[in-house]
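Data block below; observations after.
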Amino acid sequence: MNTVRRSGNGIFSMNGREWSLLVACLLAITIFSVASPHYATSGNAVTVLRNSVELLLIGLGMTLLLAMGGIDVSIGIVMGLAAIAIGRILGADGSPFLAIVAGPMAGAVLGCVTAAVVVLGRVPAIVGTLGLLGVYRTAVFVLLGGQWLSGLPSSLTDLLSTTVLGIPVAAFAIAVAYLAVWLALRRTPYGLHLLAIGNSEEKARLSGIPVVKIRFATFVISGVLTGIAATFYVATYRNVEMTIGSTLALDAIAAVILGGTSILGGRCSLIGTVLGVLLLRILQNGLLLIGIPSLWQPVVTGVLILGVLGFEAVSNRLPLARFQRARA
Amino acid sequence: MLSHLRKVLAASALSLAVATAAHAADKHKVAFVPQLIGIPYFNAMEAGGNRAAKDLGVDFIYSGPVDTNPVDQLQIVQNLIDQGVEAISVSVLDASSIAPVVESAKAKGIKLFTSDSDAPDSGRAVYVAQATDEGLGTTIIDELVKRVGEDATIGIVSGEATASNLNAWIGFMQKEATAKYPKLKLLAPQFAGGTAERAAQISGDLMAANPDIKAIIAVASSTCPGVAQAIETAGKIGSVIGAGYCSPNTARSYLKSGAFSFTVLWDPEQLGYLTVWAGKQLIDGKSLEAENKISGLEKPATYDAAKGILLLGPPAVFTKDNVDKFNF
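Top line first, the protein sequences correspond to chains A and B. Counting from 1, position 108 in the first sequence corresponds to residue 108 in our numbering; the numbering is continuous, with no gaps. To convert, count from 1 in the second sequence and add 1000; that's our numbering.
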């Protein structure tokens, strides 16, 4: 029985969940365009994409973590800590290039800390990262010393709001990150090992897969991606507030699950994560534009996840799905 | 699970604070529970409270939730009651749920009063007010009309939908607009929670949905950086002005960049002083005069016995011209 499933065979072949998400995105865009004259503008499209940058990067790491049966609920605060490092450098009128390096470096260090606790310390990921969430949150308070970093110099902003060959730097960074992870998943043993661990860590270990190494590396990769997200966050908002990143971990987990990556591990979809993030942000933006108070946005996200997972649970019990599984 | 962890952390921090305070025996204890620890605004109140404690010879305990969670806040208040702190002041997050805690304080002979954010029907001993809600609501609308004229669309971005002080200010803004400026169009308030990221997203969406928007009011101090950043990112400095209830330190760079035109507030350091002074009066069983001259404060505090409100004074307007005179 082959339970290791990768989504599709190429970038452009999509599975059922990914198609449904794409349809959902297009449907939402169509409805919002009809309902609000201000929705379908290039300015608003840029806004939605701009608002998706951090979540796309953090979601990519979360996809890998969930695929191997892990999770990181502290990831939003990890971004906050990396943002503080970047903000301190900018605040001291340091080089913006140094700030760009500092984000991923801080992310890598924090990824190592998380990996040390969860992988080396053999603590379940949800428990270990929950503990770290408390520690990191307090670290944010202590490091900021009660003062927000606000009104930071615009040197980093100027550097990252430019375009390379007509493509915004952020889009470029995201494309490179996704391509690199996709190649690692498809063209190196890493992908198979990751999903094998997600299916059954014990079986993976018995098959000679370097479980500890793979799991450690994945937490570090997630940390680096989060550090890059922090760089874009600080470049955009020029501000590090005390509550930074407090909603990001749950948003990332929501988007990744929507995208079809299994919360139990063993299955992942990069296209699904991209579409999941976009759907969340399209809904948040569109609901406000058609005049629904922002208070209701979390409800919509919650209902969406329950709907998708509920639909999946029901459809898995239908006779056709059973028949297909029996044949596979 | 997350909120439980927070409670445990908050509770342990609290018992530490109380244990430390217990060393200085025989002194009366006055506590203040803010809505959120670690932000400059409440830090300034803490500083004022400490100054008053020194002047008046009482112990001052400062402890609050690490994010704007009403349940965590009630837990902290309940802990202070259990510890036997004689006067406890609260900047209320959720006015509807504090009444039982007030009852339990009364049963133990503890003076529970509100400061900074009120719960009028809870049976609290007194409300120490920074300024009247009416004064704040009307001042911001009057100042805005001076700048953008009467024929304008204005957006409102608030923090938590349950924060009674923010909702009261919005109410008076709407009242003032209807009564004095019939042509002024105030949009329905949007709620961003505690993060700059969400406030920026919502402000960007508001500008997209209302191309004729002339100004955005940041109601919660935590939403100011987001609103300002959205105006800067959208390139709308000059065509859309930001205003709000935020501290000079938070708004300084935005006032200077032109994204913000002015902010309306009071000095929280003075408010913290007045809070501890009021706590001491309650413990001593002294009644409040209609006008109270207090040596540590700039202006006399007025007392409205019918409403049970002790008022610090009229609100202040900070612009780029006077912002550098303040540091909080």
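Beta carbons: idealized from backbone N, C-alpha and C, even for Gly.
Identify the continuous beta strand (DSSP E) that holds residue i and give its terminal residues.
i: Val-1033 (chain B); result: 1029 to 1033
i: Gly-1149 (chain B); result: No beta strand (DSSP E) contains Gly-1149 (chain B), which DSSP labels as neither H nor E.
i: Thr-1302 (chain B); result: 1301 to 1304
i: Arg-52 (chain A); result: Per the sequence presented here, residue 52 (chain A) reads as Ser, with Arg not at that position. First-last for Ser-52 (chain A): 42 to 67, but that is the alpha helix (DSSP H), not the beta strand (DSSP E).
i: Val-1317 (chain B); result: 1316 to 1318
i: Gly-1127 (chain B); result: Before going further, note that residue 1127 (chain B) is Tyr rather than Gly in the sequence given. Its beta strand (DSSP E) spans residues 1127 to 1129.
i: Leu-289 (chain A); result: Leu-289 (chain A) -> not in any beta strand (DSSP E); alpha helix (DSSP H) instead, spanning 270 to 289.
i: Lys-1214 (chain B); result: 1213 to 1218
i: Lys-1286 (chain B); result: No beta strand (DSSP E) holds Lys-1286 (chain B); DSSP gives it neither H nor E.
Got a sec: is the Cβ-Cβ distance from residue i to anything in chain B below 8 Å?
i: Pro-293 (chain A); result: yes
i: Met-242 (chain A); result: yes
i: Tyr-237 (chain A); result: yes
i: Arg-137 (chain A); result: yes
i: Gly-151 (chain A); result: yes
i: Leu-289 (chain A); result: yes
i: Trp-19 (chain A); result: no
i: Val-113 (chain A); result: no
i: Ser-246 (chain A); result: yes
i: Phe-141 (chain A); result: yes
i: Thr-346 (chain A); result: Here chain A covers residues 1 to 328 and nothing more, so residue 346 (chain A) does not appear.
i: Ser-33 (chain A); result: no
i: Ser-207 (chain A); result: no
i: Thr-41 (chain A); result: yes
i: Asn-199 (chain A); result: no
i: His-193 (chain A); result: no
Got a sec? Which residues, its chain only, sit under 8 Å from residue i by beta carbon, not counting five neighbours each side?
i: Val-1317 (chain B); result: Thr-1139, Glu-1143, Phe-1262, Thr-1263, Val-1264
i: Ala-67 (chain A); result: Leu-194, Leu-195, Gly-198, Thr-261, Ser-262, Gly-265, Gly-266, Arg-267, Cys-268
i: Ala-1053 (chain B); result: Val-1030, Asp-1059, Phe-1060, Val-1276
i: Ala-184 (chain A); result: Tyr-190, Gly-191
i: Ser-214 (chain A); result: Note that residue 214 (chain A) is Ile in the sequence shown here, rather than Ser. Excluding residues within five positions, the ones whose Cβ falls inside 8 Å are Met-68, Tyr-190, His-193, Leu-194, Ile-197.
Using a Cβ cut-off of 8 Å (strictly closer), state whether residue i contacts chain A.
i: Ala-1209 (chain B); result: yes
i: Asp-1067 (chain B); result: yes
i: Ser-1222 (chain B); result: yes
i: Asp-1205 (chain B); result: yes
i: Glu-1197 (chain B); result: yes
i: Gln-1075 (chain B); result: no
i: Gly-1038 (chain B); result: yes
i: Gly-1308 (chain B); result: no
i: Pro-1100 (chain B); result: no
i: Thr-1233 (chain B); result: yes
i: Gln-1083 (chain B); result: no
i: Ala-1188 (chain B); result: yes
i: Gln-1174 (chain B); result: no
i: Ala-1259 (chain B); result: no
i: Ala-1163 (chain B); result: no
i: Pro-1123 (chain B); result: A small fix is needed here, since residue 1123 (chain B) is Gly in this sequence, not Pro. Gly-1123 (chain B) does not count as touching chain A.
Note down, in chain order, each residue of its chain lying with its Cβ closer than 7 Å to the Cβ of residue i, except the 5 sequence neighbours on either side.
i: Phe-232 (chain A); result: Val-53, Glu-54, Leu-160, Ala-170
i: Thr-1329 (chain B); result: Here chain B covers residues 1001 to 1328 and nothing more, so residue 1329 (chain B) does not appear.
i: Val-211 (chain A); result: Ile-197, Glu-201, Ala-204, Arg-205
i: Ala-1024 (chain B); result: With a pLDDT of 47 at Ala-1024 (chain B), under the threshold of 50, the modelled position of this residue cannot be trusted; read the value that follows with caution. Counting only Cβ-Cβ distances below 7 Å, and skipping sequence neighbours, we find Asp-1059.
Considering residue i, what are the terminal residues of the alpha helix (DSSP H) in which it resides?
i: Ser-1104 (chain B); result: 1099 to 1107
i: Phe-172 (chain A); result: 169 to 187
i: Tyr-1254 (chain B); result: 1248 to 1257
i: Leu-143 (chain A); result: 125 to 144
i: Phe-232 (chain A); result: 211 to 237
i: Ile-1237 (chain B); result: Counting along the chain, Ile-1237 (chain B) falls outside any alpha helix (DSSP H), and DSSP gives it neither H nor E.
i: Lys-1054 (chain B); result: 1040 to 1056
i: Thr-30 (chain A); result: 16 to 35
i: Ile-84 (chain A); result: 75 to 91
i: Ser-1115 (chain B); result: Note, Ser-1115 (chain B): premise wrong, no alpha helix (DSSP H); beta strand (DSSP E) at 1111 to 1115.
i: Thr-1162 (chain B); result: Counting along the chain, Thr-1162 (chain B) falls outside any alpha helix (DSSP H), and DSSP gives it neither H nor E.
i: Val-119 (chain A); result: Element bounds for Val-119 (chain A): n/a, residue is neither H nor E.
i: Ile-1087 (chain B); result: Reading off the sequence shown, one finds Ala at residue 1087 (chain B), where the question assumed Ile. No alpha helix (DSSP H) contains Ala-1087 (chain B), which is instead part of the beta strand (DSSP E) from 1087 to 1090.
Return yes when the C-beta of residue i is under 7 Å from any heavy atom of the ligand HEM, and no when it is not.
i: Gly-223 (chain A); result: With respect to the ligand HEM, the structure offers nothing, as it holds no ligand at all.
Can you find the residues in the same chain that come closer than 6 Å, C-beta to C-beta, to residue i, ignoring five residues on each side of it along the sequence?
i: Asn-1165 (chain B); result: Ser-1117
i: Ile-84 (chain A); result: Leu-143, Val-240
i: Ala-249 (chain A); result: Val-73, Ile-75, Gly-76
i: Ala-1022 (chain B); result: Any reading at Ala-1022 (chain B) needs caution, since the residue's pLDDT is 48, under 50, leaving its predicted position unreliable; the model's value is listed next. The answer is none, since no qualifying residue turns up.
i: Ile-1241 (chain B); result: Ala-1215, Ser-1261
Assuming residue i contacts residue j (C-beta within less than 8 Å), just tell me the rounded distance between them.
i: Ile-1088 (chain B); j: Val-1077 (chain B); result: 6 Å
i: Ser-1203 (chain B); j: Ile-1217 (chain B); result: About 10 Å separates the two Cβ atoms, so there is no contact after all.
i: Pro-984 (chain B); j: Phe-1260 (chain B); result: No answer is possible for residue 984 (chain B): the residues shown for chain B start at 1001 and end at 1328.
Proximal residues, the segment 1240 to 1255 of chain B versus chain A, C-beta separation under 8 Å: Asn-1249, Thr-1250, Arg-1252, Ser-1253, Tyr-1254
Near-chain A residues of the segment 1040 to 1058 of chain B (beta-carbon distance less than 8 Å), N- to C-terminal order: Pro-1040, Asn-1043
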